[in-house]
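The structure under discussion appears below in the form of structure tokens.
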């Protein structure tokens with residue numbers, strides 16, 4: 679069968695906007711919690727927003743697979759490769775089962791719950807394990823980032839590109855502070871290493887938006903250990919199609935990732951620091 683990239687991208691945008699719109703429209707319910715963890719929460723709206731996104735996708739493409747944060751499919755331990763089809767508007771696939779949609783209904787859940795604007799809905803689509811289209815919608819900012827393989831990334835319909843900063847000493851780097859990577863790796867281990875080398879280091883609380891900031895040139899790099907495929911699938915494509923570089927450094931079983939993305943110019947320098955830190959904490 680033949681799939682049109684423009685149709686896939688439009689569905690990703692529609693699904694992300696629908697999920698994000700549902701969250702924003704129910705902002706007064708943001709503290710309805712179903713599960714509370716040491717440093718995270720699961721909200722009623724997480725599940726509802728994933729259902730909204732899934733409904734959009736199934737209406738347009740019934741039979742496609744779906745990987746979502748709230749579905750917690752334990753069999754999905756590997757990230758579809760951040761590689762792309764050749765330039766063009768159509769791709770060939772043997773069956774709908776080879777197409778998988780990857781959803782993070784609310785990325786930055788804790789920010790959302792506390793009323794901060796740094797959260798988003800993310801939807802990507804992979805064909806034969808290649809991510810080919812994706813969208814990230816930040817409702818509180820009314821920003822919609824999107825990309826498809828073979829084309830420039832867009833922010834609200836306008837092309838975006840990574841920055842030309844070439845030195846880590848002049849770079850802004852986004853990261854996280856996952857506390858459950860491994861017993862040998864203390865919280866903020868990577869933050870300390872990166873902050874000593876970079877001009878500024880920020881923990882904003884939304885991996886997808888961090889990557890989109892790199893794609894739009896308002897930051898130079900993003901690294902995090904312990905994230906999931908739905909955190910970065912759409913935004914990784916957006917960064918790469920904006921001229922950036924994405925690298926899956928390693929997997930943390932069963933289904934977590936060490937992921938580095940940049941404008942390409944600071945990638946080697948930051949990658950070397952991160953690799954050394956991974957090795958020192960037994961994660962290489």
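Residue numbers (our numbering): 679 to 962. Glycine included, C-beta positions come from ideal geometry on N, C-alpha and C.
{"query": "Residue 821 and residue 783 closer than 7 Å at C-beta", "result": "no"}
{"query": "Enclosing alpha helix (DSSP H) for residue 702 [first to last residue]", "result": "683-703"}
{"query": "Other residues of its chain near residue 791: CB distance less than 7 Å, five sequence neighbours each side excluded", "result": "708, 709, 719 and 721"}
{"query": "Own chain, CB closer than 8 Å to residue 855, minus 5 neighbours either side, in chain order", "result": "865, 866, 869 and 881"}
{"query": "Nearest to residue 847 (by Cα), restricted to the options 811, 877, 819 and 749", "result": "877"}
{"query": "Backbone secondary structure at residue 779 - three-state DSSP", "result": "strand"}
{"query": "Beta-carbon contacts of residue 814 that lie in its chain and below 6 Å, excluding the five residues immediately before and after", "result": "798, 800, 823, 886, 890, 912 and 913"}
{"query": "Residue 839 versus 689, 730, 923 and 953, residue with shortest Cα-Cα distance", "result": "923"}
{"query": "Unbroken alpha helix (DSSP H) run spanning residue 866, endpoints", "result": "Unbroken run through residue 866: none, as it is neither H nor E."}
{"query": "Residue interval of the beta strand (DSSP E) (run including residue 901)", "result": "899-905"}
{"query": "Proximity winner among 950, 733, 779 and 731, relative to residue 745 (alpha-carbon distances)", "result": "779"}
{"query": "Whole-angstrom distance between residue 804 and residue 941, CA atom to CA atom", "result": "23 Å"}
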